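Here is the structure we will look at, set down as structure tokens.
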Amino acid sequence: MARKERAAVEPLPKALKILLLIIVLGTFLVQLDATMLGVALNSLRETFHADIPTIQWVTTGYLLSMTMVIPVVGWATDRFGAKTLWLTAIGIFGVASLACSMAWDASSLIAFRVVQGLGGGMLLPLAQAILAQAAGPARLGRVMGAIGIPSVLGVVLGPVLGGTLVTGLDWHWVFYINLPVCLIALVASMRLMPADEPNPQRGAVKLDVVGLLLLSPGLAAAIYGLSLVGKYGGFANATVLTWLIGGLVLIAGFVAWSLRPKSTPLIDLRLLARRGFAGGSLVLFFLGLVMYGISLVAPLYFQQARGWTALHAGLLNLPMGVGTAIALAGAGRFADKVGPRQVALVGAALAAIGVGVFTQVTDTTAQLVLIVGGFVASLGLASLNVAGMTAGFRDVPRPALPRASSSLRIFQQFGGSFGAAVLAVVLQGQMTSAAPTAAGVSSAYANTFWWAVAFLVVAALPALLLPGTPAPTAGEELQKAAVTEEASAS
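Going left to right, the sequence shown walks through residues 180 to 669 as our numbering numbers them.
Structure (structure tokens):
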């Protein structure tokens, strides 16, 4: 009882705060780029004369690339050190951003986005692993909440900045703007991030090449097959089935390979035997599915169904940034005090209510209604993110944190890839059968949002697996260890 009512929490040390600021600056790159691009998709679709299933690969290809590189992060951190890998990731992201700005058609842009995803895919799990190791269990909620600051800044600044650049200049500037941010992040990280600690075991861990060759193509093939459903009119097509089944077979092979006795797998699937980690992973999967899915569909609704400019669409995202900030400010502390389960359940309910507003949209829906719906949805989605990350990291031994970070991020990014592909396919199908009027197009978008609501309802089930009590403080851990030692001695 005393633990649940604990009002005071351990303060964050100064060194941890400095490290947190550096990490926030680096991850801001990824969040800014993702949110700016959302409002630019319609402009890209028109510029390159692409349909929705094609242009969604600008997002899906990026997410798939992020997913494919994440399994390597744990090994690469052990092999090269966190700081070295962090600087490399920022460099890749910057060079790829420059290449994206030079794209000449949809295919070249998608290819460069895949390279950009390699850098972004390394940055996010690295950030979580570095901070999780530095924070300790009792500070995890606040740190995971604080690392969400880039999400807040991205949601607030990204759509407005992206809309301003696309409307006032052109889409190239969505990528140009990354370059100075990359440079600042690179210099700050080189000068202020602590050097990697000497590790006599560095390089001793071998890369699971077989696992990598099974998992990465498996994920890519499964998502690609899913994205072809709309093009070929359903799942019964031989091409669709070939890609889907091939991907699932490779993923199944990876699972069997990883569960071998005494193996050192790319992703430690044995961590899923821990209830909190399993629940957190599934919560993050559904979070990614909904979050990236609606980030694709909502800006298209604003611009295609309502005829608003990219800047107008970006401004409508501002309240979502406010909602995200409020949730991150409170969800982490609440998770530290009472446990992540309650945070996740409340978050899923709020997100379902907020996204549910968009299932009722028409071609005349008031902007205030859209703003309120987005605000409520952002409260819930941000809370789900904090709860899933907190539960996943809290239930894992300290030495396994880098690999746990990779696993959690894979679940979220795979969910994001799946969500973007699914909602793009659903939307394309709805648009095909919709009347060629503003009302018909709006109805197609409303029907698509119902899928996101359904996924949020399902997300409440794994949320029940999350811990419903606060993590012990460092003092309580020491006290518990002392009691255990005394019991063993007697």
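Backbone N, C-alpha and C fix where the C-beta goes; we use that ideal spot for every residue, glycine too. Just so we're clear, the structure is a prediction, and the values are computed from it rather than from any experiment.
Nearest to residue i (by Cα), restricted to the options the options
{"i": "Thr-543", "options": "Trp-630, Val-501, Ala-625 and Lys-441", "result": "Ala-625"}
{"i": "Leu-358", "options": "Leu-277, Arg-577 and Leu-507", "result": "Leu-277"}
{"i": "Trp-630", "options": "Val-536, Ala-579 and Asp-284", "result": "Val-536"}
{"i": "Ile-202", "options": "Gly-253, Gly-299, Ala-452 and Phe-291", "result": "Gly-299"}
{"i": "Phe-513", "options": "Val-501, Val-548 and Ala-570", "result": "Ala-570"}
{"i": "Leu-302", "options": "Pro-641, Leu-640 and Arg-588", "result": "Arg-588"}
{"i": "Gly-533", "options": "Ala-633, Thr-239, Gly-240 and Pro-304", "result": "Ala-633"}
{"i": "Ala-367", "options": "Thr-206, Pro-498 and Ala-623", "result": "Thr-206"}
{"i": "Gly-552", "options": "Val-565, Ala-583 and Val-501", "result": "Val-501"}
{"i": "Phe-456", "options": "Ser-585, Ala-527, Gly-472 and Leu-371", "result": "Ser-585"}
{"i": "Leu-423", "options": "Ser-437, Phe-433 and Val-408", "result": "Val-408"}
{"i": "Leu-507", "options": "Gln-539, Val-548, Leu-461 and Leu-563", "result": "Leu-563"}
{"i": "Met-499", "options": "Leu-391, Met-470 and Phe-272", "result": "Met-470"}
{"i": "Trp-254", "options": "Gly-432, Pro-444 and Gly-647", "result": "Pro-444"}
{"i": "Tyr-241", "options": "Val-251, Thr-263 and Cys-279", "result": "Cys-279"}
{"i": "Gly-486", "options": "Arg-258, Thr-263 and Ala-617", "result": "Ala-617"}
{"i": "Pro-396", "options": "Trp-283, Gly-426 and Asp-515", "result": "Gly-426"}
{"i": "Ser-437", "options": "Pro-304, Gln-235, Gly-390 and Val-540", "result": "Gly-390"}
{"i": "Pro-649", "options": "Ala-566, Ala-527 and Lys-516", "result": "Lys-516"}
{"i": "Val-294", "options": "Lys-385, Met-247 and Asp-257", "result": "Met-247"}
{"i": "Val-339", "options": "Val-525, Gly-217 and Val-419", "result": "Gly-217"}
{"i": "Leu-711", "options": "Phe-554, Leu-204 and Ile-271", "result": "Given that the chain is displayed from residue 180 to residue 669, the structure contains no residue 711 and the question cannot be resolved."}
{"i": "Ser-596", "options": "Leu-393, Phe-465 and Lys-410", "result": "Phe-465"}
Residue i in three-state terms, based on DSSP
{"i": "Ala-181", "result": "The predicted model places Ala-181 with a pLDDT of 46, which falls under 50 and marks its position as unreliable, so this point remains unresolved."}
{"i": "Ile-197", "result": "helix"}
{"i": "Val-390", "result": "It should be pointed out that residue 390 corresponds to Gly in this sequence rather than to Val. Helix."}
{"i": "Trp-629", "result": "helix"}
{"i": "Asp-257", "result": "helix"}
{"i": "Phe-433", "result": "helix"}
{"i": "Pro-649", "result": "coil"}
{"i": "Asp-515", "result": "helix"}
{"i": "Trp-672", "result": "Only positions 180 to 669 of the chain appear in the structure, and residue 672 is not among them; the question remains open."}
{"i": "Thr-443", "result": "coil"}
{"i": "Ala-613", "result": "coil"}
{"i": "Ala-415", "result": "coil"}
{"i": "Ile-356", "result": "coil"}
{"i": "Phe-227", "result": "coil"}
{"i": "Ala-452", "result": "helix"}
{"i": "Met-151", "result": "Residue numbering for the chain in the displayed model covers 180 to 669; residue 151 lies beyond these limits and cannot be assessed."}
{"i": "Gln-235", "result": "coil"}
{"i": "Ala-306", "result": "helix"}
{"i": "Pro-396", "result": "helix"}
{"i": "Met-369", "result": "helix"}
{"i": "Leu-643", "result": "coil"}
{"i": "Ala-401", "result": "helix"}
{"i": "Leu-407", "result": "coil"}
{"i": "Leu-216", "result": "helix"}
Residue burial classification, residue i (beta-carbon count within 10 angstroms, cutoff 16)
{"i": "Leu-643", "result": "exposed"}
{"i": "Val-388", "result": "exposed"}
{"i": "Pro-478", "result": "buried"}
{"i": "Met-405", "result": "It should be pointed out that residue 405 corresponds to Leu in this sequence rather than to Met. Burial call: buried."}
{"i": "Ala-561", "result": "buried"}
{"i": "Ala-523", "result": "buried"}
{"i": "Ser-612", "result": "exposed"}
{"i": "Asp-257", "result": "buried"}
{"i": "Val-637", "result": "exposed"}
{"i": "Ile-197", "result": "exposed"}
{"i": "Thr-421", "result": "exposed"}
{"i": "Pro-641", "result": "buried"}
The ligand ADP heavy atom lying under 7 Å from the CB of residue i
{"i": "Val-548", "result": "Absence of the ligand ADP is noted for the structure shown, with no ligands found whatsoever."}
Pair within 8 Å by beta-carbon distance, residue i and residue j
{"i": "Arg-453", "j": "Val-604", "result": "no"}
{"i": "Met-531", "j": "Leu-635", "result": "Just to set this straight, residue 531 is Ala in the shown sequence, not Met. Contact flag set, yes."}
{"i": "Ile-309", "j": "Ala-261", "result": "yes"}
{"i": "Leu-494", "j": "Phe-590", "result": "no"}
{"i": "Ile-269", "j": "Val-237", "result": "no"}
{"i": "Gly-337", "j": "Met-215", "result": "yes"}
{"i": "Thr-503", "j": "Ser-557", "result": "yes"}
{"i": "Asn-674", "j": "Ala-489", "result": "Outside the displayed range of the chain (180 to 669) lies residue 674, so it cannot be described from this structure."}
{"i": "Ala-213", "j": "Gly-333", "result": "yes"}
{"i": "Thr-233", "j": "Ala-285", "result": "yes"}
{"i": "Leu-448", "j": "Val-434", "result": "yes"}
{"i": "Gly-458", "j": "Gly-598", "result": "no"}
{"i": "Leu-266", "j": "Leu-365", "result": "yes"}
{"i": "Leu-243", "j": "Leu-398", "result": "yes"}
{"i": "Gln-592", "j": "Ile-249", "result": "yes"}
{"i": "Gln-235", "j": "Leu-475", "result": "yes"}
{"i": "Leu-602", "j": "Gly-432", "result": "no"}
Contact with chain B by residue i, beta-carbon distance below 8 Å
{"i": "Thr-263", "result": "The structure shown has no chain B; it contains just one protein chain."}
4 or more residues per run - each alpha helix (DSSP H) lying fully within the segment 455-508: Taking only runs of at least 4 residues, the alpha helix (DSSP H) segments lying wholly in the segment 455-508 are 489-494.
Ignoring anything shorter than 4 residues or poking outside the segment 248-296, list the alpha helix (DSSP H) runs there in chain order. Qualifying alpha helix (DSSP H) stretches, in chain order: 261-280.
Entirely enclosed alpha helix (DSSP H) segments - the segment 527-602, minimum 4 residues: Entirely contained in the segment 527-602, the alpha helix (DSSP H) runs reaching 4 residues are, in chain order, 546-573.
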